[in-house]
Amino acid sequence: MTDPRRSTLAAGVTVLVLTLLAAWWWTRPKAPAAAQGRAVVTRATAGDAAAPAPVVRRAAAPGPVVHVAGAVRHPGVYRLRAGARVADAVRRAGGVSAGGDANAVNLAAKAADGQQILIPARVGTASAGGSVVPPAGSPAGAGAGAGRSGPISLSTATAEQLDTLDGIGPVIAQKIIAWRQAHGGFSSVDDLGQVPGIGPRRLEALRTQVAP
């Protein structure tokens, strides 16, 4: 016959064990799940940080369009890259032809949009039109002031030839050549008015004596 006290004690021990197991189950730490969540968030954040920023590409500004003329191998109109120099324009035109005077222009100057770059013939050689540019001191050059048969070309004349013009002395002649080198030549007689020292009255007096 079973002892009632022993049965009661066994039942109490069983209930106590079950209670402790239930308490442990509900109070066990949840750290692994939280850590896993943090790991997922960390990986997502790292992926966002590694995403490359969009690259904005700006279109390059178009370069100047210039007219290269005179003593070059391939005269014509050319588009240059932005920031190009006069030397780049001459190179695009095939370079200076035989008899051309590259030192008559400023090859280091920046090419401007719409600019005409005129390479004159060297003194004593045939020009692009077939005429010969006389050297300084020759009868044709020295007597240009008194017996010249036509206007003097502003784009090819020497300082001595310019000095023979009415109202133009050695100083103004050098200023004309300096302006010519800086701007690649004269496209019209009106450009002469931009030379320092030549005012409207002097420009009008020179119109019949010079040509671009």
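Using numbering that gives the first Met the number 0, you'd call the opening residue of the sequence shown number 0 and step up by one each time. Glycine residues also receive a C-beta, built at the ideal position from the N, C-alpha and C atoms. Owing to the predicted nature of the structure, the values given are computational and were not obtained by experimental measurement.
Nearest to G183 by alpha carbon, out of A86, P199, L164 and Q173?
A86
Assuming P63 and A110 make a contact with CB atoms under 8 Å, what is their CB distance in whole Å?
That pair is a contact at about 5 Å.
Could you pull the DSSP bridge partners for S186 from this structure?
DSSP lists no partner for S186.
So is V153 buried or exposed if we call it buried at 16+ other beta carbons inside 10 Å?
The sequence shown places Leu at residue 153, rather than the Val named in the question. Buried.
On the three-state DSSP scale, how would you describe R219?
Since the displayed the chain opens at 0 and closes at 211, residue 219 lies outside it and no answer follows.
Backbone CA spacing between G69 and A60 [nearest angstrom]
29 Å
Leaving out five residues before and five after V194 in sequence, what residues of the same chain have Cβ atoms less than 7 Å from its Cβ?
K174, I175 and W178
Quick one: Cα of P138 to Cα of L117, how far?
In this prediction, P138 has a pLDDT of 43, which is less than 50 and means its spatial position is unreliable; what the coordinates show is noted afterwards. Taking the straight line joining both Cα atoms gives about 26 Å.
Whole-angstrom distance between G11 and R27, CA atom to CA atom
24 Å
For I116, which beta-bridge partners are listed by DSSP?
Per DSSP, V67.
Please report the straight-line C-alpha distance between R121 and V188, rounded to a whole angstrom.
22 Å
With a CB to CB cut of under 6 Å and the five nearest residues on each side skipped, what residues in its chain are close to L161?
I167, A172 and I175
By Cβ distance, which residues of its chain are closer than 7 Å to L8, with the 5 residues on each side in sequence left out?
So the list is empty, once near-sequence residues are dropped.
From Q180 to R200, what distance separates their C-alpha atoms?
CA-to-CA, the gap between Q180 and R200 works out to about 24 Å.
Can you tell me whether L20 is buried or exposed, with buried defined as 16 or more other CB within 10 angstroms of its CB?
exposed
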